[in-house]
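Q: The structure is given below, and queries will be raised subsequently.
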Amino acid sequence: MADQQTERSFRKQHSVPTTRRKSVNGKKRLRLHRQIGLGFKTPAEAIDGTYIDKKCPWTGDVRIRGRILNGVVRKTKMQRTIVIRRDYLHFVRKYSRFEKRHRNMSVHCSPAFRDVEHGDIVTIGECRPLSKTVRFNVLKVSKGHGAKKSFRNLFSTLSRCGSPAIKPPYR
Numbered sequence: 001m002a003d004q005q006t007e008r009s010f011r012k013q014h015s016v017p018t019t020r021r022k023s024v025n026g027k028k029r030l031r032l033h034r035q036i037g038l039g040f041k042t043p044a045e046a047i048d049g050t051y052i053d054k055k056c057p058w059t060g061d062v063r064i065r066g067r068i069l070n071g072v073v074r075k076t077k078m079q080r081t082i083v084i085r086r087d088y089l090h091f092v093r094k095y096s097r098f099e100k101r102h103r104n105m106s107v108h109c110s111p112a113f114r115d116v117e118h119g120d121i122v123t124i125g126e127c128r129p130l131s132k133t134v135r136f137n138v139l140k141v142s143k144g145h146g147a148k149k150s151f152r153n154l155f156s157t158l159s160r161c162g163s164p165a166i167k168p169p170y171r
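Throughout the sequence shown, residue numbering follows this note's numbering, covering 1 to 171 in sequence.
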């Protein structure tokens, strides 16, 4: 039985006391949550949930500072960590053109976001290093279309729409 357990047996939020106090309504449990600012709302799961995550920006001891970025979810196989893909264009001066590049980043995903899937678009914020490769936290999840790569061929998109004005170049 002990070899199957993956987390510590008694987990609690850092600044919430564990001693019992008589509450007015009898049911309300103490739970610490905060607003991280920057225009991001606190998820309802962070306010009402029962999860304990010390790396969560709403219920843990992590502060969001620095860069705010977007990316597409690639993998969700780790516990509370996802891999996102960030696409960008790199300018090559010699040819005066752009080339497509991408970076995969490991990002901490709080249990407040339950249904993060492959292909979703996430907004992430920079925080202190949480592990060897994780330096960002998920702040918002938008449901996206499940595409493997975000770069799309403009001409194939327009041809599906039925636009006769633009035709693909012939090679």
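C-beta atoms are modelled at their ideal positions from N, C-alpha and C, and glycine is treated no differently. Every value quoted in this text rests on a predicted model; they were computed, and no experiment measured them.
Find out if the Cβ-Cβ distance for the pair K100, V122 is shorter than 8 Å.
A: For this step, residue 100 is matched to residue 100 along the sequence shown. For this step, residue 122 is matched to residue 122 along the sequence shown. No, they are not a contact pair.
Q: Would you check if there are 3 or more beta carbon pairs closer than 8 Å linking the stretch 64-74 to the stretch 127-137?
A: Enough Cβ pairs lie closer than 8 Å, so yes.
Q: For F136, count neighbouring C-beta atoms within 10 Å of its own C-beta (all shown protein chains included) and say buried if the count is 16 or more, exposed if not.
A: For the purposes of this step, residue 136 is taken as residue 136 along the sequence shown, with counting starting at 1. Per the 10 Å Cβ criterion, buried.
Q: By DSSP, does E117 sit in helix, in strand, or in coil?
A: Translated into the one-based positions of the sequence shown, residue 117 becomes position 117. Reduced to three states, the DSSP call for E117 is coil.
Q: Return yes when the Cβ of V107 is within less than 8 Å of the Cβ of V138, no when it is not.
A: Within the sequence shown, residue 138 is the residue found at index 138, counting from 1. Within the sequence shown, residue 107 is the residue found at index 107, counting from 1. Yes, these two residues count as a Cβ contact at 8 Å.
Q: Nearest to I47 by CA position, among L38, F91 and P57, is which residue?
A: Within the sequence shown, numbered from 1, the residue matching residue 47 stands at position 47. When only C-alpha atoms are compared, the closest one is P57.
Q: Determine the extent of the alpha helix (DSSP H) in which I36 is found, giving its start and end residues.
A: Here residue 36 corresponds to residue number 36 of the sequence shown, with the count starting at 1. First-last for I36: undefined, no H or E at that position.
Q: D87 by DSSP, collapsed to three states: which one?
A: The residue you call residue 87 lines up with position 87 of the sequence shown. Here D87 sits in strand by DSSP.
Q: For D120, count the other beta carbons within 10 Å of its own beta carbon; 16 or more makes it buried, fewer makes it exposed. Which is it?
A: As a first step, residue 120 is located in the sequence shown; it is residue number 120 there, counting from the start. The residue is buried, with at least 16 neighbouring Cβ atoms inside 10 Å.
Q: Once the 5 residues before and after K55 are set aside, which same chain residues still bring their CB inside 6 Å of it?
A: Counting from one through the sequence shown, the residue named residue 55 turns up at place 55. The answer, listed in chain order, is V62, H108 and L130.
Q: Which runs of the beta strand (DSSP E) at least 3 residues long sit entirely within the stretch 46-108? Give them in chain order.
A: If we require 3 residues or more, the beta strand (DSSP E) runs fully inside the stretch 46-108 come out as 68-75, 81-92 and 97-108.
Q: Do you know how far the Cα of N104 is from the Cα of E117?
A: Indexing the sequence shown from 1 puts residue 117 at position 117. Indexing the sequence shown from 1 puts residue 104 at position 104. One C-alpha to the other measures close to 16 Å.
Q: Please name the residue, chosen from T59, F91, K132 and D115, that lies closest to S142 on a Cα-to-Cα basis.
A: As a first step, residue 142 is located in the sequence shown; it is residue number 142 there, counting from the start. Of the candidates T59, F91, K132 and D115, the one whose C-alpha sits nearest the C-alpha of S142 is D115.
Q: Roughly how many angstroms separate the alpha carbons of S150 and L30, rounded to a whole number?
A: Along the sequence shown, one-based indexing puts residue 150 at 150. Along the sequence shown, one-based indexing puts residue 30 at 30. Low confidence applies to S150: its pLDDT is 48, below 50, so where it sits in the model is not reliable, and the reading given next is rough at best. The straight-line gap from Cα to Cα measures roughly 43 Å.
Q: Is any heavy atom in the ligand NAD found nearer than 7 Å to the beta carbon of S96?
A: For the structure depicted, the ligand NAD is absent and the ligand set is empty, with no information on it obtainable.
Q: Nearest to A112 by alpha carbon, out of Y51, L32, F40 and K94?
A: To locate residue 112, count along the sequence shown from 1; it is residue 112. Ranking the options by Cα distance to A112, first place goes to Y51.
Q: Based on DSSP bridge pairs, tell me the residues matched to K142.
A: In the sequence shown, counting from the first residue as 1, residue 142 sits at position 142. According to the sequence shown, residue 142 is Ser rather than Lys. Its beta-bridge partners are I121.
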